[in-house]
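Everything on this sheet refers to the single structure shown next.
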Amino acid sequence: MVASGTPTPMKLTFDIPCETRTLPNGLAVVVAPQPGLPVVTVDVTYDVGSRVEPEGKTGFAHLFEHLMFEGSENVAKGEHFRLVAEAGGTMNGTTSEDRTNYYETLPAECLDLALFLEADRMRALVLTEEKLRNQREAVKEEKRLRVDNQPYAPSFETADALAYDAFAYRHPVIGSMDDLDRATLDDARGFYGRYYAPGNALLCLVGDLDPEDAFARALGAFGGVPPRTTPPPFRFEEPAPRGERRASVRDVHAALPALHVNVKGPARREGDALALLYAEKVLGGGESGTLWRRLVKDEEKALSLSIHFDERRGPSLFRVFGIARPGVPHAVLEAGIREELSRLAEDGPSSAEMERARRQLAADMVRSTQTTQAVAFLLSEYGLYDADPVLWREDFERILTMDAAAVREAARRVFTPDRISVVEVHPGEAP
Amino acid sequence: MTTAPPPPGPPRPFAPPPFVAARFGSGLAARAARWGKRPTVAVSVVFPGAGSASDPPGHEGLADLTADVFLGGTRRRSARQLAAAIDDLAAILEISAGSDSSVARLFVLESDLDAGLALLAEVLTEAAFPEDEFEKSRRRLVDTLTEQRSEPDFLVRERLLDRLYPGHPYGRLTPTERGLGASSRDDAARFAAERLSLGRATLLLSGSLDAEHLLRAAESVFGSLPVPETAPPPAVPDAPAIPGFTVHLVHRTGSVQTNLLFARPAIPRSHPRYLPAIAANQSLGGGASSRLFHVLREERSLTYGAYSSLSPRVRAGHFGASIDCRTDVTGDALAGLLQLIREFAAAGPTPDEHRRSQRYLSGNFVLARETPGAIVQDEVSRLLNGLPDDEFATWRERLAAVTVADAQGAARDFFDPSVGVLAAVGDAGRLRPVLEPFGEITLWDADGPRT
Chain A
1404 MVASGTPTPM
1414 KLTFDIPCET
1424 RTLPNGLAVV
1434 VAPQPGLPVV
1444 TVDVTYDVGS
1454 RVEPEGKTGF
1464 AHLFEHLMFE
1474 GSENVAKGEH
1484 FRLVAEAGGT
1494 MNGTTSEDRT
1504 NYYETLPAEC
1514 LDLALFLEAD
1524 RMRALVLTEE
1534 KLRNQREAVK
1544 EEKRLRVDNQ
1554 PYAPSFETAD
1564 ALAYDAFAYR
1574 HPVIGSMDDL
1584 DRATLDDARG
1594 FYGRYYAPGN
1604 ALLCLVGDLD
1614 PEDAFARALG
1624 AFGGVPPRTT
1634 PPPFRFEEPA
1644 PRGERRASVR
1654 DVHAALPALH
1664 VNVKGPARRE
1674 GDALALLYAE
1684 KVLGGGESGT
1694 LWRRLVKDEE
1704 KALSLSIHFD
1714 ERRGPSLFRV
1724 FGIARPGVPH
1734 AVLEAGIREE
1744 LSRLAEDGPS
1754 SAEMERARRQ
1764 LAADMVRSTQ
1774 TTQAVAFLLS
1784 EYGLYDADPV
1794 LWREDFERIL
1804 TMDAAAVREA
1814 ARRVFTPDRI
1824 SVVEVHPGEA
1834 P
Chain B
220 MTTAPPPPGP
230 PRPFAPPPFV
240 AARFGSGLAA
250 RAARWGKRPT
260 VAVSVVFPGA
270 GSASDPPGHE
280 GLADLTADVF
290 LGGTRRRSAR
300 QLAAAIDDLA
310 AILEISAGSD
320 SSVARLFVLE
330 SDLDAGLALL
340 AEVLTEAAFP
350 EDEFEKSRRR
360 LVDTLTEQRS
370 EPDFLVRERL
380 LDRLYPGHPY
390 GRLTPTERGL
400 GASSRDDAAR
410 FAAERLSLGR
420 ATLLLSGSLD
430 AEHLLRAAES
440 VFGSLPVPET
450 APPPAVPDAP
460 AIPGFTVHLV
470 HRTGSVQTNL
480 LFARPAIPRS
490 HPRYLPAIAA
500 NQSLGGGASS
510 RLFHVLREER
520 SLTYGAYSSL
530 SPRVRAGHFG
540 ASIDCRTDVT
550 GDALAGLLQL
560 IREFAAAGPT
570 PDEHRRSQRY
580 LSGNFVLARE
590 TPGAIVQDEV
600 SRLLNGLPDD
610 EFATWRERLA
620 AVTVADAQGA
630 ARDFFDPSVG
640 VLAAVGDAGR
650 LRPVLEPFGE
660 ITLWDADGPR
670 T
């Protein structure tokens, strides 16, 4: 017979020491030594995402991310991929609504290579019509691959457009085909000049490195990047919620009906944001989250159900997306989702639910910082958005000490009908 | 201003951690290795021969169904109570069936290792397989099949495997609705008793604690559990030969792209030429600096990405290459893909390509092993495929010894596209005339042969 134990109390059992310095050209540099495995991640995050795109220019921030891999003054087209691969490394770039990042993870002895590549494209990117044409086609193919040809994917664009009023978050990161076709070389040059200044970026180095040596190498590589005017902080106004919204879309690729229920919430780290991370776990954590358990397991109304607080620098969305079981109408899914959101707002989490969620949030932090790349992303986010890469620790402590009343009050304030938007996805072609 | 990429510094040594082996008093084999920066532990219990390739005839899907219903409750806890106990520890506990094995995996915080292992042991030795939970699992798997058939990537892989391994268990990507329907709760309980028995298992642990500590913790939970002797699972048959080059077109209404996947028989993981084949594949299509990506995306703008890979199993394996492209350039993209593979099979990598591939694979070997979970997964693979104890300790050394002639030989013997299966998913009306020059086409719908 095996006896199962009792969970131990939660506390912060690890740290991520790091130091920040700013180079004379304005580039912020964060260095976090993680001794042990001879691996290092170099991550450059620029303070520009799709939210800055005006109407008619959607998809440009992401298209520009592609152009950043197409060569700079001392790196020929195709050489970036080749050099990183030859070093045994991996690399990529990602664009979100709020920022764009470029990273390499590679053997620690190749740190200088990654610094060289990132500095060269920050200093002297080479843009041509041919590169723009080539990458425009790659991005359009990416949109077909990830959105247009996939079940349910286009409905996420509808859901965002319904939830937000301000254009910044209303439009998708991938953009529209027409806007991608309209992008010009002058647009690219202007975008580079405006947003890719060293003072508009943060460089994060994580791995098996000596901090002083790493700062010296960063200065050596990036010190020659001339300072440029840094754009003013991007601001946009999202109007206050004005009532529930609904939409219905057809999806030729979907086999089963699906439903989005989104609730507009606060920006990351503001107001009730941390409490909504608890709500995410109480409703959808593991296999005992109340909403997930009810609709997926107990009542078998949903084939799958994702519950996620999608934190953004502006208003965030508390997202629930479910694919219905065959024959289950949208109304049944929606009723279940609304009832569980309301229950959390009225009763708050039970003490067992609260402790479970607390533990899951703490475990997520442990598991999600096991690699140098994941640590670099975490420190870069706080470093760029909050000018303090170690603020994650403060948030973590706040999470560990939060009580059920705070979660209930947050749910009461946020899970209100005027903040909700609902999108029904119906399989098949439009009649 | 630096004008040339800086050379790398001297390579730093790296060796994956050695596993410490133990056999508990009960007879259960266990292996543990200290690894990782965070206070977390990864545990796997591997059951060779308990995968979908061992599904009894007529019960295709039984391995998946059994794995799923293991978490449907134990003699002590209902499904709901079990889920709560796992979530109370913030642990991840899952059982999944692959082709050649089933594996139970536990990820738990170091501080909760004892409690996590106790739950894992309870699930593996006291699963109750309640009838109602069995029916729920069955319904969910059947409905999942419906949903998966709307995904182009699923359709192209399903059709490819079906034709690459015709009539063979490796040819099934998922359970079948018929096999699920024919299986009962008792079938699942019997499959679990015979195939997922601790008598056929090895327990693997890795985390931030000493190997000896991990083994002590495991023995205190598993050391006194019964380890019944069970008959070995039936051997997976040899994969059948396939005839020449065949083309299979799956119609998907509304597709705005064509998903193309070519594959041909290659080698299992334990084959002595696996490393030369891996090196050759890297040069052809392993990444963004490989030939396929460079020519088809960067030079010709035909796709978002083009890659090749080896998919080794215990008893067989295949080499494959894929490209997704818009419908109107499908002919050019496919011709380009096959031509590049043909050229590569004939001549293999250049010495420069080979050197770069070796460097990439050697460096990436280190990057891919940052977590305890990755170290445990290596050991799972080693055990399943019958690889030597020092497989990963000597991997980089052996890779460095692969010559360009070795890689060229592997390309010639394992990549030649004159034999193989081409699967395409898209708008059949538009694609049929485009694909006809490549071979006689068999048409399919999402659910099977087109009538």
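Residue numbers (the numbering used here), protein chains in the order written: chain A, 1404 to 1834; chain B, 220 to 670.
Even glycine gets a Cβ: it sits at the ideal position worked out from N, Cα and C.
Using the C-alpha atoms, what's the distance from residue j back to residue i?
{"i": "residue 563 of chain B", "j": "residue 374 of chain B", "result": "28 Å"}
{"i": "residue 1624 of chain A", "j": "residue 1495 of chain A", "result": "20 Å"}
{"i": "residue 361 of chain B", "j": "residue 1710 of chain A", "result": "23 Å"}
{"i": "residue 415 of chain B", "j": "residue 308 of chain B", "result": "24 Å"}
{"i": "residue 1440 of chain A", "j": "residue 470 of chain B", "result": "48 Å"}
{"i": "residue 1689 of chain A", "j": "residue 1665 of chain A", "result": "21 Å"}
{"i": "residue 368 of chain B", "j": "residue 665 of chain B", "result": "6 Å"}
{"i": "residue 364 of chain B", "j": "residue 393 of chain B", "result": "8 Å"}
{"i": "residue 565 of chain B", "j": "residue 619 of chain B", "result": "23 Å"}
{"i": "residue 1564 of chain A", "j": "residue 1698 of chain A", "result": "26 Å"}
{"i": "residue 1540 of chain A", "j": "residue 513 of chain B", "result": "14 Å"}
{"i": "residue 1825 of chain A", "j": "residue 1800 of chain A", "result": "34 Å"}
Use the C-beta contact count for residue i: other C-beta atoms within 10 angstroms, 16 or more gives buried, fewer gives exposed.
{"i": "residue 346 of chain B", "result": "buried"}
{"i": "residue 1811 of chain A", "result": "buried"}
{"i": "residue 483 of chain B", "result": "buried"}
{"i": "residue 366 of chain B", "result": "buried"}
{"i": "residue 1420 of chain A", "result": "exposed"}
{"i": "residue 425 of chain B", "result": "buried"}
{"i": "residue 1592 of chain A", "result": "exposed"}
{"i": "residue 1404 of chain A", "result": "Its pLDDT being 33, under 50, residue 1404 of chain A is placed unreliably in this model, and the coordinates cannot settle the point."}
{"i": "residue 277 of chain B", "result": "exposed"}
{"i": "residue 1472 of chain A", "result": "buried"}
{"i": "residue 267 of chain B", "result": "buried"}
{"i": "residue 240 of chain B", "result": "exposed"}
Strictly by DSSP, which residues pair up with residue i?
{"i": "residue 1711 of chain A", "result": "A:1722"}
{"i": "residue 1604 of chain A", "result": "A:1449"}
{"i": "residue 1538 of chain A", "result": "Residue 1538 of chain A pairs with nothing; no bridge assigned."}
{"i": "residue 541 of chain B", "result": "B:480 and B:526"}
{"i": "residue 244 of chain B", "result": "Paired residue(s): none; residue 244 of chain B is not in a bridge."}
{"i": "residue 1510 of chain A", "result": "A:1442"}
{"i": "residue 314 of chain B", "result": "B:323"}
{"i": "residue 1414 of chain A", "result": "DSSP output for residue 1414 of chain A lists no bridge partner at all."}
{"i": "residue 1555 of chain A", "result": "DSSP lists no partner for residue 1555 of chain A."}
{"i": "residue 474 of chain B", "result": "According to DSSP, residue 474 of chain B bridges with nothing at all."}
Quick one: residues in its chain with C-beta nearer than 6 Å to the C-beta of residue i, no 5 flanking neighbours on either side, listed in chain order?
{"i": "residue 611 of chain B", "result": "235 and 597"}
{"i": "residue 1527 of chain A", "result": "1475 and 1476"}
{"i": "residue 1779 of chain A", "result": "1444, 1446, 1607 and 1609"}
{"i": "residue 1407 of chain A", "result": "For residue 1407 of chain A, the predicted structure reports a pLDDT of 44, less than 50, and the residue's modelled location is therefore unreliable. The matter cannot be settled from this model."}
{"i": "residue 348 of chain B", "result": "288, 404, 407 and 408"}
{"i": "residue 558 of chain B", "result": "none"}
Can you list, in chain order, the residues of its chain with a C-beta nearer than 7 Å to that of residue i? Leave out the 5 residues immediately preceding and following it.
{"i": "residue 633 of chain B", "result": "485, 486, 496 and 538"}
{"i": "residue 1618 of chain A", "result": "1424, 1432 and 1434"}
{"i": "residue 529 of chain B", "result": "485, 496, 497, 500, 536 and 538"}
{"i": "residue 1705 of chain A", "result": "1698, 1699, 1725, 1726, 1727, 1728 and 1736"}
Between which residues of its own chain and residue i is the CB-CB distance below 8 Å, once the five residues before and five after are set aside?
{"i": "residue 1626 of chain A", "result": "1426, 1427 and 1428"}
**the segment 627-639 of chain B / the segment 459-468 of chain B touching (three or more Cβ pairs under 8 Å)** = yes
**Message:** Using 8 Å as the cut-off, can you tell me whether the segment 1821-1830 of chain A makes contact with the segment 1643-1660 of chain A, which would need three or more C-beta pairs spanning the two stretches below that distance?
**Reply:** yes
**Asked** Touching or not, the segment 1562-1574 of chain A and the segment 1418-1436 of chain A, by the rule of three or more beta carbon pairs under 8 Å?
**Response** By the Cβ criterion, the segment 1562-1574 of chain A is not in contact with the segment 1418-1436 of chain A, since fewer than three pairs of Cβ atoms, one from each stretch, lie closer than 8 Å.
**Asked** Counting pairs of beta carbons, one from the segment 543-552 of chain B and one from the segment 393-400 of chain B, are three or more of them closer than 8 Å?
**Response** no
**Message:** Across the segment 472-483 of chain B and the segment 586-603 of chain B, are there enough close Cβ pairs to call them in contact, namely three or more that are closer than 8 Å?
**Reply:** The answer is no - the segment 586-603 of chain B does not touch the segment 472-483 of chain B, with fewer than three Cβ pairs under 8 Å.
**Asked** Does the segment 1605-1617 of chain A come close enough to the segment 1773-1783 of chain A that 3 or more CB-CB pairs lie under 8 Å?
**Response** Three or more Cβ pairs closer than 8 Å define a contact, and the segment 1773-1783 of chain A meets that threshold against the segment 1605-1617 of chain A.
**Request:** Determine, using beta-carbon pairs with one atom in the segment 1499-1517 of chain A and one in the segment 1539-1547 of chain A, whether at least three such pairs fall under 8 Å.
**Result:** no
**Message:** Using a Cβ distance threshold of 8 Å, determine whether the segment 1772-1779 of chain A contacts the segment 1439-1455 of chain A, with at least three qualifying pairs required.
**Reply:** yes
**Prompt:** Is the segment 293-303 of chain B in contact with the segment 264-283 of chain B, if contact means three or more CB pairs nearer than 8 Å?
**Reply:** The segment 293-303 of chain B vs the segment 264-283 of chain B: no contact.
**Prompt:** Does the segment 1655-1673 of chain A come close enough to the segment 1726-1736 of chain A to have 3 or more Cβ pairs within less than 8 Å?
**Reply:** yes
**Asked** Does the segment 489-504 of chain B come within contact of the segment 610-628 of chain B, defined as at least 3 CB pairs closer than 8 Å?
**Response** Touching, per the Cβ criterion.
**Prompt:** Pairing CB atoms from the segment 251-268 of chain B with CB atoms from the segment 322-333 of chain B, are three or more of them under 8 Å?
**Reply:** yes
**Prompt:** Touching or not, the segment 1504-1520 of chain A and the segment 1580-1591 of chain A, by the rule of three or more beta carbon pairs under 8 Å?
**Reply:** no
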